[in-house]
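Peer 1: Taken in sequence, the protein lines are chains A and B.
When you line the first sequence up against this note's numbering, it's residues 43 to 187, in that order.
When you line the second sequence up against this note's numbering, it's residues 4 to 237, in that order.
For glycine and all other residues, C-beta sits at the position ideal for the given N, C-alpha and C.
Let me begin by handing over the structure; questions about it come next.
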Amino acid sequence: MEVERYCVNEPSVISEVIDGETIVLNFENGHYYSFNPSASEIWRRVCAGSPIAAATEWVASRFAVDPAAIRPEVEGFLRRLEEEQLIRRAAKAVAPAVVTAPADAGGPVAAFSSPDFEKFTDMEELLLLDPIHEVSDSGWPQKSQ
Amino acid sequence: MSVVGRAPRVSVVLPVYDRENYVGEAIESVLAQTLPPDELIVVDDGSTDGSLAVVERFARPSMQVIRQENAGIGAARNRGLRAATGDLIAFIDSDDLWEPDKLELQVGALRERDDLDLVFGHLVEFLSPDRADELGGSLEVGTDPVPGLLALTLLVRRTAVERIGLFDEKLRVGEFVDWMARARDLGLASLVLPQIVARRRIHGGNTVLIRSNRDYLRVIKSTLDRRRRAANAG
Numbered sequence: 043m044e045v046e047r048y049c050v051n052e053p054s055v056i057s058e059v060i061d062g063e064t065i066v067l068n069f070e071n072g073h074y075y076s077f078n079p080s081a082s083e084i085w086r087r088v089c090a091g092s093p094i095a096a097a098t099e100w101v102a103s104r105f106a107v108d109p110a111a112i113r114p115e116v117e118g119f120l121r122r123l124e125e126e127q128l129i130r131r132a133a134k135a136v137a138p139a140v141v142t143a144p145a146d147a148g149g150p151v152a153a154f155s156s157p158d159f160e161k162f163t164d165m166e167e168l169l170l171l172d173p174i175h176e177v178s179d180s181g182w183p184q185k186s187q
Numbered sequence: 004m005s006v007v008g009r010a011p012r013v014s015v016v017l018p019v020y021d022r023e024n025y026v027g028e029a030i031e032s033v034l035a036q037t038l039p040p041d042e043l044i045v046v047d048d049g050s051t052d053g054s055l056a057v058v059e060r061f062a063r064p065s066m067q068v069i070r071q072e073n074a075g076i077g078a079a080r081n082r083g084l085r086a087a088t089g090d091l092i093a094f095i096d097s098d099d100l101w102e103p104d105k106l107e108l109q110v111g112a113l114r115e116r117d118d119l120d121l122v123f124g125h126l127v128e129f130l131s132p133d134r135a136d137e138l139g140g141s142l143e144v145g146t147d148p149v150p151g152l153l154a155l156t157l158l159v160r161r162t163a164v165e166r167i168g169l170f171d172e173k174l175r176v177g178e179f180v181d182w183m184a185r186a187r188d189l190g191l192a193s194l195v196l197p198q199i200v201a202r203r204r205i206h207g208g209n210t211v212l213i214r215s216n217r218d219y220l221r222v223i224k225s226t227l228d229r230r231r232r233a234a235n236a237g
């Protein structure tokens, strides 16, 4: 069956764009990733709940390329993300995702290169052990910021 | 082998924030060491409960209590590090326990091997008895020993700390991951002893909230940036 959309594999996976770099961390195995520009754009749409077709349109418009030409690469990349357990298949019946034309896109962000990530496993045992300690309501709170 | 010569002095840093129920047991596990530390520095990070009173019950010449306004675990550990005078430094959190031979094993390892900078050990978890009824079914407790790469299980040479630097006080969680990543990037040598050296208390808390904490991503980003700078410079 063809996959129509994916969603981020929460709560195991968290991500953030920091200084323009998309960093993704999977707490289940302690692996972390740095995404290249086109991968970041795909990730952004997955986070927003976009169907694959809309995500492809978005990426194509961001890089001023033909959606049909990059669709196989987008799908291939999504399968890699699924293999890495960073995303999972989303039910079709989920509330319609907000699929917007890339109104905030401006011009092309960069020349298109195939979506890719660097994967790092060197801090696995540190990251796997660390998160257990609570810092929430009864220990090590910071002063209100 | 370098076991001959003066025995190294050992400092223990114990930060505490609002852990009146547990900090006494943590201190007892330090005082019960078969190789007692030369100094125990307790940093009270602005506790609002009875933690300080519990700590003061253990007052003795080898114990120093420092009070500061609440500033977070990184800042509290740093305060203790600045006060520490030992050649070797260990940390314990206020809710955790050391095994009685923790320091003896680790001091022995560092005295035997000059090339080692940091020595860890194995770790087990235990469900805090006071929360067992409430949390028994809901939390995973790792009763099998695992390599414990945590401040709790570490004994480190002062010379290594001087190279690694202090804990990042801006981080609310992940401060040890960040510190250890810096240690590795310096090429410092570490060893994980096969023995269990500490027991980590599991007493609830909101794991999901912690896991969503973005500080881990910041630690990763700064680690990647540091390595890229080093690669470009090299």
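What in chain B is Cβ-close to Y74 (chain A), meaning under 7 Å?
Peer 2: In chain order: I223.
Peer 1: Is there a C-beta anywhere in chain B that falls below 8 Å from the one on N56 (chain A)?
Peer 2: According to the sequence as given, residue 56 (chain A) is Ile; it is not Asn. Answer yes: the Cβ-Cβ gap between I56 (chain A) and chain B drops below 8 Å somewhere.
Peer 1: Can you tell me whether V228 (chain B) is buried or exposed, with buried defined as 16 or more other CB within 10 angstroms of its CB?
Peer 2: The sequence shown places Asp at residue 228 (chain B), rather than the Val named in the question. D228 (chain B) should be labelled exposed.
Peer 1: Check each residue of the segment 152-174 of chain B: if its Cβ is closer than 7 Å to any Cβ of chain A, include it; give the result in chain order.
Peer 2: Taking 7 Å as the Cβ-Cβ cut-off against chain A, the residues of the segment 152-174 of chain B that qualify are L152 and L153.
Peer 1: Along chain A, which residues have their Cβ under 7 Å away from the Cβ of P132 (chain B)?
Peer 2: In chain order: nothing, as chain A lies at least about 17 Å away.
Peer 1: What's the C-alpha gap between T142 (chain A) and F119 (chain A)?
Peer 2: Residue placement at T142 (chain A) cannot be trusted, given a pLDDT of 38 that sits under 50; what the coordinates show is reported in the next sentence. Distance between the alpha carbons of T142 (chain A) and F119 (chain A) is about 21 Å.
Peer 1: Over what stretch of residues does the beta strand (DSSP E) that includes P197 (chain B) continue unbroken?
Peer 2: Its beta strand (DSSP E) spans residues S193 to I205.
Peer 1: Are at least three pairs of beta-carbons, each pair with one atom in the segment 24-41 of chain B and one in the segment 92-99 of chain B, less than 8 Å apart?
Peer 2: Cβ pair count under 8 Å is three or more, so yes.
Peer 1: Residues of chain A with CB closer than 7 Å to the CB of V180 (chain B), please, in chain order.
Peer 2: Those within 7 Å of V180 (chain B) in chain A are M165, L168, L169 and D172.
Peer 1: Name the DSSP bridge partner or partners of R130 (chain A)?
Peer 2: Bridge partners of R130 (chain A): A:C49.
Peer 1: Does DSSP put T64 (chain A) in a helix, in a strand, or in coil?
Peer 2: Strand.
Peer 1: Would V211 (chain B) count as contacting chain A if we go by Cβ distances under 8 Å?
Peer 2: Confidence at V211 (chain B) is low in this model, with a pLDDT of 41, below 50, so its placement is unreliable and the value that follows should be read with caution. V211 (chain B) counts as touching chain A.
Peer 1: Ordered along the chain, which non-local residues of its own chain (more than five positions away) have a Cβ less than 7 Å from that of F99 (chain A)?
Peer 2: With the sequence shown as reference, residue 99 (chain A) is identified as Glu, and Phe is not the correct amino acid for it. Closer than 7 Å at Cβ, skipping near neighbours: P109.
Peer 1: Using C-beta distances below 8 Å, list every residue in its chain close to M183 (chain B), excluding the 5 sequence neighbours before and after it, in chain order.
Peer 2: So the list reads L152, once near-sequence residues are dropped.
Peer 1: Using the Cα positions of L169 (chain A) and A97 (chain A), report the straight-line distance between them to the nearest angstrom.
Peer 2: Going by the C-alpha atoms only, they are around 31 Å apart.
Peer 1: Go ahead and label E133 (chain B) buried or exposed: buried means 16 or more other beta carbons lie within 10 angstroms of its beta carbon, across all protein chains shown.
Peer 2: At residue 133 (chain B) the sequence reads Asp, which differs from the Glu that was named. By the neighbour-count rule (16 or more Cβ atoms within 10 Å), D133 (chain B) is not buried but exposed.
Peer 1: E63 (chain A) CB to nearest chain B CB: under 8 Å?
Peer 2: So, interface residue.
Peer 1: So, with DSSP's three-state summary, where would you put Y25 (chain B)?
Peer 2: Looking at Y25 (chain B) - three-state DSSP - the assignment turns out to be coil, as it is neither helix nor strand.
Peer 1: Would DSSP call K161 (chain A) helix, strand or coil?
Peer 2: Here K161 (chain A) sits in strand by DSSP.
Peer 1: Hey, is the segment 43-56 of chain B in contact with the segment 70-81 of chain B, meaning 3+ C-beta pairs nearer than 8 Å?
Peer 2: The answer is yes - the segment 70-81 of chain B touches the segment 43-56 of chain B, with three or more Cβ pairs under 8 Å.
Peer 1: Rank B:V180, B:T146 and B:L189 by C-alpha distance to the C-alpha of T162 (chain B) and give the top, closest one.
Peer 2: Here the closest residue by C-alpha is B:L189.
Peer 1: Suppose only complete runs of 4+ residues qualify. What are the alpha helix (DSSP H) ranges in the segment 138-184 of chain B, listed by chain order?
Peer 2: You should have 161-167.
Peer 1: Is P148 (chain B) close to chain A? Criterion is C-beta to C-beta, closer than 8 Å.
Peer 2: No, because no Cβ of chain A sits closer than 8 Å to the Cβ of P148 (chain B).
Peer 1: Got a sec, what are the start and stop residues for the beta strand (DSSP E) A111 (chain A) sits in?
Peer 2: Careful: A111 (chain A) lies outside any beta strand (DSSP E), inside the alpha helix (DSSP H) at P109 to E125.
Peer 1: Ignore the nearest five residues each way along the sequence and tell me which others in V45 (chain A)'s own chain have a CB closer than 6 Å to its CB.
Peer 2: Around V45 (chain A): R131.
Peer 1: Contact criterion: CB-CB distance below 8 Å. Does I84 (chain A) meet it with respect to chain B?
Peer 2: Chain B contact via Cβ: absent.
Peer 1: Does DSSP classify E42 (chain B) as helix, strand or coil?
Peer 2: Strand, per DSSP.
Peer 1: Compare the C-alpha of Q250 (chain B) against each of B:A234, B:I223 and B:R12 and name the closest.
Peer 2: No information on residue 250 (chain B) is available, as it lies outside the stretch 4 to 237 that chain B covers here.
Peer 1: Looking at the C-beta of I94 (chain A), does it have a partner C-beta in chain B at a distance below 8 Å?
Peer 2: Output row for I94 (chain A): interface = no.
Peer 1: Quick one: what's got a C-beta closer than 6 Å to R70 (chain B)'s C-beta in the same chain, skipping five residues either side?
Peer 2: For R70 (chain B), where only same-chain residues beyond five positions count, the Cβ hits under 6 Å are D47.
Peer 1: Looking only at its chain, what residues have a beta carbon closer than 8 Å to the beta carbon of V116 (chain A), apart from the 5 residues adjacent to it on each side?
Peer 2: Excluding sequence neighbours, V116 (chain A) sits near I84, I94, A97, T98, V101 and P157.
Peer 1: Is DSSP giving F105 (chain A) helix, strand or coil here?
Peer 2: In this structure, F105 (chain A) counts as helix in the three-state DSSP scheme.
Peer 1: Would you grab the beta carbon distance between D172 (chain A) and V180 (chain B) for me? Rounded to a whole angstrom, and I think it's under 8 Å.
Peer 2: Confirmed, Cβ separation roughly 5 Å.
Peer 1: Suppose you measure from the CA of G62 (chain A) to the CA of R85 (chain B); what does that come to, to the nearest Å?
Peer 2: So the alpha carbons of these two residues sit roughly 36 Å apart.
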